[in-house]
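Trainee: So that we are looking at the same thing, I have put the structure below in structure tokens.
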Amino acid sequence: MKRFNSTFLILIVLVLLMGCNNGNSEPASPSETKEVMTKKKQNTSNDDLVGTEFKVAPKGDISSPKRLFTAENGNYISSVKIVSKFPNDVKYKLLFLVDYEKAEFNVENEIEKKSYIDVSVSANQQKTFNVEFKNLKKGLHDVIAILIREPNKFLNEDRYIPADHFYVFQRFQIKNGNEDVMKQIEFTEINKEKEGDLKEKQLFITKNIDFNPEDVLNIINKKDIGQDYWLHLYAQKNEKFVIIPMIGYEIYPNLTNGMYYKSNYDSDISLKLNFKDSDLSKKKNQINILLVRNPYTNLEEKGGGIAHPELQFLDGLNRVQVQ
């Protein structure tokens, strides 16, 4: 297992202080990685130093800052814009979660419903297209748009790659009808309090219940999958959050023993992972875990501005694979 060194930890702290996140709340700003990995065991490609701009907005108004969209008769069409600032052609995978479940959608003027689409963007180019959500239930829906850069790129060596090198997110809401009826969720309360070294915008996996940066994993061997593994995160007092645990791009709630949690303390949290009944049949399997804080919070002010800018972001796990 590769170990973090002090220089790398300093870089991580600097990144957190700079507020680096690919889900930038400014409507048209590019999402760029901020840190430079230079050490042998944590090096990244020069491609990671550029970025992707990603935007979901009402149809025909891609510059709109809106985060609350209105469906008509249960249907809603969004415009999607992907700008690649990479010097080479880039492949992306786009998927949507509606109420924290994978959602089917149509690319406009296409009949087939899809749970994700693959999009290729030429070097320093952009693509804009429309997607349609149909048969939405009455009420208010939380929606997460997830864009993954080079989704089929696996680790060839044990090295740390932070989530913002391959994920871009946008969080918004769709309202169908006049009532703010929301999905009813039962949250599992976490009553343990413990101090630690975790930062708010990070998720990590280690083999120990107590977090130590030197123990962070990038690669898990299948022969060791029966051992204990822990997901580490930070939550504030009374904060509700949703964990989206995916193997590849399929959601496995049992992986984190549930998805909906509430912390009763300002505390580091360690959740034991459960790989039982998870599909790890591929030679290499990516573990993608996302964290959404304060679900069903209004994301748009009544006057139309963005509310709670800090909630526009999602937290993501670094690149982790089981092989």
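Numbered by mature numbering (1 follows the signal peptide of the UniProt record, and there is no 0), the letters in the sequence shown go through residues -25 to -1, 1 to 298 in order.
Note that the Cβ used here is the ideal one computed from N, Cα and C, for glycine as well.
1. For S59, which of E125, D243, F250 has the nearest alpha-carbon?
2. Taking the Cβ atom as the reference point for each residue, do V217 and Y51 lie within a distance shorter than 8 Å?
3. Is it buried or exposed, S95, if we count other Cβ atoms within 10 angstroms and call 16 or more buried?
4. Taking the alpha carbon of Q159 as the reference point, which residue from P270, S238, P188 has its own alpha carbon closest?
5. Using a threshold of 8 Å, state whether the C-beta atoms of P62 and A32 are closer than that.
6. Taking the Cβ atom as the reference point for each residue, do I180 and W205 lie within a distance shorter than 8 Å?
7. In three-state DSSP terms, what is K197?
8. How many angstroms separate the CA atom of L274 from the CA atom of K198?
9. Could you compute how far the alpha carbon of K152 sits from the alpha carbon of Y135?
10. For V191, which residues from the same chain have a beta carbon less than 8 Å from its beta carbon, with the 5 sequence-adjacent residues on both sides left out?
11. Leaving aside the five residues before and after N183 along the sequence, list all residues of the same chain whose C-beta is less than 6 Å from its C-beta, in chain order.
12. Cα-Cα, which of G49, T27, E47, S238 is closest to V55?
13. Identify, in the order they occur along the chain, each residue of the same chain with its Cβ nearer than 7 Å to the Cβ of S131, setting aside the five sequence neighbours on each side.
Mentor: So, to answer that:
1. E125
2. no
3. exposed
4. P270
5. No, Cβ-Cβ distance for P62 and A32 is not below 8 Å.
6. yes
7. Here K197 sits in helix by DSSP.
8. Taken atom to atom, the span from the alpha-carbon of L274 to that of K198 is near 44 Å.
9. Looking at the sequence provided, one finds Gly at residue 152 rather than Lys. The straight-line gap from Cα to Cα measures roughly 45 Å.
10. F(-22), Y135, F179, I180, T181, N293
11. Only D190 meet the Cβ criterion.
12. T27
13. Reading off the sequence shown, one finds Asn at residue 131, where the question assumed Ser. Nothing listed; no residue qualifies.
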